[in-house]
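Asker: Before I ask anything, here is the structure I am working with.
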Amino acid sequence: DIQMTQSPSSLSASVGDRVTITCRASPSISTYLNWYQQKPGNAPKLLIFAASILQSGVPSRFSGSGSGTDFTLTISSLQPEDFATYYCQQSYSTWGTFGPGTKVDI
Amino acid sequence: QVQLQESGPGLVKPSETLSLTCTVSGGSITGYDWSWIRQPPGKGLEWIGYVFPSGHTNYSPSLKSRVTISLDTSKNQVSLKLNSVTAADTAVYYCARQVEQQLEQKHYYYMDVWGKGTTVTVSS
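These protein sequence lines map, in sequence, to chains A and B.
Last residue of the first sequence? That's 1166 in my numbering, and every number before it is there in order.
Last residue of the second sequence? That's 628 in my numbering, and every number before it is there in order.
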């Protein structure tokens, strides 16, 4: 089984801050890593796939990097609409395990 | 654009079968994989499984013995059945379109369109 962890589990930030969320996979998953954003009461929304490719329509302040076991999601300048929970998901194996999530609040 | 709508009973009794339908509008279900994901109250996302256009399926190992996902191309719907439910199956259930994209000889999969989700409570 591929295990996914995220850190931190939650963080507090202010508008304009640079925010970095880490996702770790065990074992290695190359670049088979997706990032989703979920706001309360809403379905998840795809932000990034293949570790670093921005989904169409997603603001450029979001970026992803990493390969193998360590990945990061960065929000370069946090906006009010970015307060949400962020999940990573591996697509290396035939079943797509999600990380436990990172909640970003004010 | 493509929209997904989950539907089904909001309350299911323990030991019975949970049955949900995902109706796809604005596009055909053929040519794509379709996933089901759930989220227990206050918890994270759990991938349940998905169905290929051929009807072949992949399921989470932890649910494999109880779950069936299938396509109805005539109705443009995807269905989920989960039998022998317990309170631990109480969750919001989402359907999502899974896309395959080939980049540099690698095949990437991601879920780009999601339904709004439907809440299912397991209780007597």
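In this text, a Cβ means the ideal position worked out from N, Cα and C, and glycines have one as well.
Can you pull the chain B neighbours of Leu-1106(A), defined as C-beta to C-beta under 7 Å?
Answerer: One-based indexing of the first sequence puts residue 1106(A) at position 46. Those are Tyr-614, Met-615, Asp-616, listed as they occur along chain B.
Asker: For Ser-1127(A) and Ile-1113(A), what's the separation of their Cα atoms in angstroms?
Answerer: The sequence position of residue 1127(A) within the first sequence is 67, counting from 1. The sequence position of residue 1113(A) within the first sequence is 53, counting from 1. Cα to Cα, the separation comes out at about 13 Å.
Asker: For Arg-1084(A), collect the residues of the same chain with a Cβ closer than 8 Å to its Cβ; drop the 5 residues on either side in sequence, then sort them by chain order.
Answerer: Working through the first sequence from its first residue, we reach residue 1084(A) at position 24. For Arg-1084(A), where only same-chain residues beyond five positions count, the Cβ hits under 8 Å are Met-1064, Thr-1065, Gln-1066, Ser-1067, Thr-1129, Asp-1130, Phe-1131.
Asker: Under 8 Å, CB to CB, which of the residues in the stretch 1113-1129 of chain A have a partner in chain B?
Answerer: So the close ones are Ile-1113, Gln-1115.
Asker: For a contact meaning CB atoms closer than 9 Å, what does Pro-565(B) contact in chain A?
Answerer: To locate residue 565(B), count along the second sequence from 1; it is residue 61. Chain A residues near Pro-565(B): Asp-1061, Trp-1155.
Asker: Which whole-angstrom value describes the C-beta separation of Ser-1151(A) and Asn-1094(A), a residue pair presumed to lie in contact below a C-beta threshold of 8 Å?
Answerer: Taking the first residue of the first sequence as position 1, residue 1151(A) is located at position 91. Taking the first residue of the first sequence as position 1, residue 1094(A) is located at position 34. With a Cβ gap of about 6 Å, Ser-1151(A) and Asn-1094(A) count as contacting.
Asker: Classify Glu-510(B): buried if its beta carbon has 16 or more other beta carbons within 10 angstroms, exposed otherwise.
Answerer: For this step, residue 510(B) is matched to residue 6 along the second sequence. So Glu-510(B) ends up on the buried side.
Asker: Under 9 Å, do Pro-1104(A) and Trp-538(B) count as touching if we go by C-beta distance?
Answerer: Here residue 1104(A) is taken as the residue at index 44 of the first sequence, counted from 1. Here residue 538(B) is taken as the residue at index 34 of the second sequence, counted from 1. Trp-538(B) sits away from Pro-1104(A), with the two beta carbons spaced by 9 Å or more.
Asker: Tell me whether Ala-1085(A) sits in a helix, a strand or coil according to DSSP, three-state version.
Answerer: The residue labelled residue 1085(A) in the question sits at position 25 within the first sequence. Strand.
Asker: Measure the CB-CB distance between Gly-535(B) and Val-506(B) and report whether it falls below 9 Å.
Answerer: Your numbering for residue 535(B) matches position 31 in the second sequence. Your numbering for residue 506(B) matches position 2 in the second sequence. Going by C-beta atoms, Gly-535(B) is not nearer than 9 Å to Val-506(B).
Asker: Taking the runs of the beta strand (DSSP E) that are 3 residues or longer, which of them lie wholly in the stretch 547-610 of chain B?
Answerer: 550-555, 561-563, 571-576, 581-586, 595-607
Asker: Use the C-beta contact count for Gly-1076(A): other C-beta atoms within 10 angstroms, 16 or more gives buried, fewer gives exposed.
Answerer: Looking up residue 1076(A) in the first sequence gives position 16. Classification of Gly-1076(A): exposed, given that the 10 Å Cβ count is below 16.
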